Amino acid sequence: QKEVEQNSGPLSVPEGAIASLNCTYSDRGSQSFFWYRQYSGKSPELIMFIYSNGDKEDGRFTAQLNKASQYVSLLIRDSQPSDSATYLCAVRNTDKLIFGTGTRLQVFP
Amino acid sequence: EPEVTQTPSHQVTQMGQEVILRCVPISNHLYFYWYRQILGQKVEFLVSFYNNEISEKSEIFDDQFSVERPDGSNFTLKIRSTKLEDSAMYFCASSVGTGVGEQYFGPGTRLTVT
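Chains A and B are the protein sequences, given in the same order.
Numbers in the numbering used here are just positions in the first sequence, counted from 1, shifted up by 1.
Numbers in the numbering used here are just positions in the second sequence, counted from 1, shifted up by 203.
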């Protein structure tokens with residue numbers, strides 16, 4: 002059973018701080034990794050994807066991948082209250098995405 | 204910016220009835236997917252579709268489910284005889300390619316089976 006694990010949270014950070022979200026996956030052969038943001042009652046919104054070991058930055062977001070440790074993370078710099086949402090880690094397996102349960106992030110003013 | 208659209212946004216149906224959920228994928232995308240999310244649970248894969256064929260399906264996607272691309276733009280999910288446990292958000296997604304292709308999700312259809 003291929004799994005994606007995330008801490009459900011909530012992760013509470015003050016406005017302006019760095020939020021660090023983590024994800025581990027079980028299938029060592031996985032090649033593609035995604036972070037989605039999901040506001041309550043809404044659909045997943047793709048915010049980052051990463052395919053190679055190392056860091057990938059896009060604005061305030063940095064995705065980090067360590068395939069040897071089977072670990073993916075998402076850093077959000079200068080967190081804003083509007084970043085409060087559930088962040089879903091997803092790993093591609095053949096055609097499909099396997100999702101974690103998500104980490105709820107709360108950014109307080 | 205192109206986006207995936209879905210209709211209806213909310214569907215209420217009685218147990219045993221058939222429902223059809225509709226999706227319009229992003230126009231240059233070739234791969235289409237259905238996922239569902241039961242309230243409070245994780246997003247689960249149902250089926251992927253490419254070149255007018257199912258390319259992969261999950262254990263959830265049993266004989267009660269079917270998908271179709273009836274024309275050049277729509278992609279539908281049919282549930283023949285709904286059960287209470289089919290109540291969930293159903294998301295359509297599409298991608299340009301597979302392998303490393305990013306999947307973009309529609310806004311979802313909330314299905315409530317009574």
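Think of the CB as a built atom: it goes at the ideal place given N, C-alpha and C, for glycine as much as any other residue.
Just so it is clear, the structure is predicted and the values come from calculations on it, not from any experiment.
- Looking at the backbone, the Cα of B/Y234 and that of B/K286 are separated by about 28 Å.
- Rounded to the nearest angstrom, the gap between the Cα atoms of A/N67 and A/R61 is 20 Å.
- When Cβ-Cβ separations below 7 Å define contact, B/S258 makes contact with chain A.
- If you draw a straight line from the Cα of A/S53 to the Cα of B/V215, it comes to about 44 Å.
- A/K97 reaches chain B at Y236, F248, S251, E259, S261, counting residues in chain order whose Cβ is nearer than 8 Å.
- In terms of beta-carbon proximity, A/S9 stays away from the interface with chain B, with every pair separated by 7 Å or more.
- Assignment of B/E288 by DSSP, reduced to helix, strand and coil, places it in the helix class.
- The C-alpha of A/D84 is placed about 10 Å away from the C-alpha of A/A20.
- Excluding residues up to 5 positions away in sequence, T25, Y26 lie with their Cβ nearer than 6 Å to the Cβ of A/Q71 in the same chain.
- Between A/L47 and A/Y37, the C-beta spacing is below 7 Å.
- Judged by DSSP in its simplified three-state form, A/S83 adopts helix.
- When secondary structure is reduced to three states using DSSP, A/L47 falls in the strand class.
- Between B/G275 and B/Q209, the C-beta gap is not smaller than 7 Å, which leaves the two residues out of contact.
- In the displayed model, B/L233 falls within coil according to three-state DSSP, outside both helix and strand.
- Less than 7 Å divides the Cβ of A/A64 from the Cβ of A/I51.
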